[in-house]
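Note sheet for the following structure.
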Amino acid sequence: MKNTNHKPRAEGGLFFFLTAALKGISQVMLIENALSGIIILIAITLFSYSLGIIALLSALIATMMGKIGGVEEETTNQGLLGYNSVLTGIALTLFLTGPYDWIFALIGAAVTAIFTATMIHVMKNTGIPVLTFPFIITTWFTLLASYQLKDIHLTSKLVPEDIAYWGLDTSGKINWSEAAFNGIGQIFFIHSTLSGILLIVAVFLAGWKLGLYAVLGNVLALLTSFLLGGEDNPIYMGLYGYNAILTILAVSVVFKTNQNRLALFSGIVATCVTVPLMASITTWLQPFGLPALTMPFVLSTWLFLGARKVMPNL
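Encoded structure:
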């Protein structure tokens, strides 16, 4: 998702193909860095080797489709076509079950690459980034299709619930250190202290400012969700943290210009906004048994980046 002034080398070959795929993995966290991509892939694989394989294959598929489809070389080499596919592949692997779940996951990754290309074209004149919207829509529609297509099976993790009988459980204790690492891990649907540490290392490797803002976003999400009386388990699992981290990186760092003098303030507010957005979207989707994914991040980031077109100081 990050745009740079660096021009990738024009030569083809396996090395540049793999580098582009690894950047696609790192672009999930709004950074363009192949080494960070390797560390992220290791973090995913340590949590689940199958998710690591799917993440790599999804990135390779998206990169290959970009090369074959004639996407501008800079776009493909920066990994801008791959990050949505990576997330879709991981999500469908987790939320679908059956002997063909991995096939559906990889097909979903391919379809998401096409959808990403479409959204890049549709939004190119708006100055608003695509973010993870293609991943969200492809994943939601695939999961919903399972109710009408017998060969697509949902896991027991996704169960429609009647919100009329829903009650919050705030009686437990939260392990805040684990919750912090889970927050960054949930960007890739993983919850592991070791994996979380590696993901933080990957972000700092791409830039110290990115790392500091990621930590700040995570802390803000934990505080906001706790002060607003959020349920203990979602806070502990990092379900309020991952959208907040992506949002503050996008608003305060990646898509910031010199004109945005209040970018830090805007990022803090946008980050805190993801918490009630997460709560409301989760409630909205409960009757369908769908996860909120990164929609809070997309909505909050679009809100503030769109406002900058009229209020450039933000």
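Quick note on the working numbering: the sequence shown kicks off at 5 and runs consecutively.
Glycine included, each C-beta is placed from N, C-alpha and C at the ideal position.
Every value quoted in this text rests on a predicted model; they were computed, and no experiment measured them.
When you compare only the Cα positions, how much space is there between S284 and V314?
-> 27 Å
Can at least three beta-carbon pairs, one atom from the segment 78-94 and one from the segment 25-39, be found at a separation below 8 Å?
-> yes
Evaluate Q152 with the Cβ neighbour count: other Cβ atoms within 10 Å of its Cβ, from every protein chain shown; 16 or more gives buried, anything less gives exposed.
-> exposed
Length-filtered (4 minimum) alpha helix (DSSP H) runs lying within the segment 216-280 = 236-240 and 245-253
By Cβ distance, which residues of its chain are closer than 6 Å to T120, with the 5 residues on each side in sequence left out?
-> L85, N88 and P138
Express the C-alpha separation of A248 and S181 in angstroms, rounding to a whole number.
-> 17 Å
Give every residue of the same chain whose Cβ lies closer than 7 Å to the Cβ of T8, excluding the five residues on either side of it in the sequence, and list them in chain order.
-> In this predicted model, T8 has a pLDDT of only 44, less than 50, meaning its place in the structure is not dependable enough to derive any value.
Rounded to a whole number of angstroms, what is the C-alpha to C-alpha distance between A109 and A95?
-> 8 Å
Indicate the three-state DSSP secondary structure (helix, strand or coil) for M69 in the structure shown.
-> helix
Among T287, Y53 and K260, which has the Cα closest to the Cα of A168?
-> T287
Contact check, C276 vs L224 under 8 Å by CB: the rounded distance?
-> 6 Å
How many Å lie between K260 and L268 at the Cα?
-> 9 Å
DSSP state of N9, grouped into three classes?
-> Because N9 carries a pLDDT of 43, less than 50, the predicted location of this residue cannot be relied on, and no value is offered for it.
Given 8 Å as the limit, is there contact between the segment 103-117 and the segment 210-228, that is, 3 or more CB pairs closer than that?
-> no
Enumerate in chain order the residues of its own chain whose CB-to-CB distance from L307 is below 8 Å, with the five nearest sequence positions on each side excluded.
-> A274 and V277
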